[in-house]
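Numbering (the working numbering), first residue to last: 1 to 241.
See structure below.
Here it is in structure tokens:
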């Protein structure tokens, strides 16, 4: 690893034992508390590196065992998960080197809780029921995803509809809301396309239910040709090139 990434040698936390054969073979010890602090510090660095600025709490779930070591300079290399488990348990591995040679690995487990003010359902919300401001409230919650997974602005939800039933008190994830249906199968629509900056229009028929922004199948009413297009509004579909 690059020199700037190599952790500093373990300080005076490595303690001498006493007299005797065991003490002579393993005169140093790294305490459980020191290992746990190394893991905590590395988790904090990881959170900072990924741009996590929300309030968070780290809780030691399982402390590592203390480690007895032979004489020599000690280096601890700490490795955190590539993908942190929000609201879950994260194993932190600590490799210990004596005079540059790998000696032993220790592991501890930290729970990570990240908090954010997110939209929460004030009551059970039904599928396809258009949401109003009264259906939602802002509440600080421990969340299980990166920024953007849950909605934080009531304007992001009002006018949209759930894709499944949302129970009262549930945090509103962006992925479970969608635009309402604005056209049904058989709805007459205007087909719009653009060729080299020139807009052309034709009459068409929606062959699928449509939501603004979604791709649906349509039929050209004159030629009968089946096409695909993006729903612009309740009466307009932009044909894909």
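The beta carbon of each residue, even a glycine, is placed where N, CA and C say it ideally should be.
6 Å Cβ shell around residue i - same chain, five flanking residues per side excluded
i           : result
residue 32  : 63, 64 and 66
residue 59  : 111
residue 227 : 218 and 239
residue 139 : 120
Proximity test, Cβ basis, 8 Å: residue i and chain C
i           : result
residue 158 : Within the model displayed, chain C is absent; a lone protein chain is all it includes.
Coil, strand or helix - residue i by DSSP
i           : result
residue 54  : coil
residue 163 : coil
residue 95  : strand
residue 154 : helix
residue 39  : helix
residue 32  : helix
residue 171 : strand
residue 47  : helix
residue 22  : helix
residue 176 : helix
residue 103 : strand
residue 17  : Unreliable placement is indicated for residue 17, whose pLDDT of 43 sits below 50; the coordinate value is still reported in the next sentence. Residue 17: coil per DSSP, three-state reduction.
residue 241 : coil
residue 124 : coil
residue 78  : strand
residue 84  : coil
residue 235 : coil
Cross-strand partners of residue i (DSSP beta bridge)
i           : result
residue 225 : Per DSSP, none; premise fails for residue 225.
residue 134 : Answer is none; residue 134 lacks a bridge partner.
residue 199 : 194
residue 188 : 205
residue 142 : 115
residue 210 : 183
residue 61  : Note: residue 61 sits in no beta bridge, so no partner.
Cutoff 7 Å; reference residue i; Cβ partners in own chain excluding five residues on either side
i           : result
residue 157 : 119, 131, 136, 151, 172 and 177
residue 144 : 86 and 87
residue 201 : 190, 191 and 192
residue 54  : 114, 115 and 116
residue 179 : 160, 211, 212 and 213
residue 235 : 189 and 190
Contact set for residue i: own chain, Cβ-Cβ below 8 Å, skip 5 residues either direction
i           : result
residue 209 : 181, 183, 184, 185 and 216
residue 12  : With a pLDDT of 43 at residue 12, under the threshold of 50, the modelled position of this residue cannot be trusted; read the value that follows with caution. Nothing meets the Cβ criterion.
residue 46  : 80 and 84
residue 25  : 70
residue 225 : 219
residue 133 : 154 and 158
residue 105 : 93, 94, 95 and 96
Cβ separation of residue i and residue j, assumed to be a contact under 8 Å, to the nearest whole Å
i           : j           : result
residue 165 : residue 125 : 7 Å
residue 207 : residue 222 : Not quite, the Cβ-Cβ distance comes to about 15 Å (not below 8 Å), so this is no contact.
residue 61  : residue 107 : So it is not a contact: roughly 11 Å between Cβ atoms.
residue 162 : residue 129 : 7 Å
residue 189 : residue 237 : 5 Å
residue 214 : residue 232 : About 11 Å separates the two Cβ atoms, so there is no contact after all.
residue 94  : residue 38  : 6 Å
Closer than 7 Å: residue i CB and nearest the ligand GDP heavy atom
i          : result
residue 68 : For the structure depicted, the ligand GDP is absent and the ligand set is empty, with no information on it obtainable.
### Query
Touching or not, the region 68-83 and the region 30-46, by the rule of three or more beta carbon pairs under 8 Å?
yes
Check whether the region 170-188 touches the region 109-120, taking contact to mean three or more Cβ pairs, one atom from each stretch, closer than 8 Å. yes
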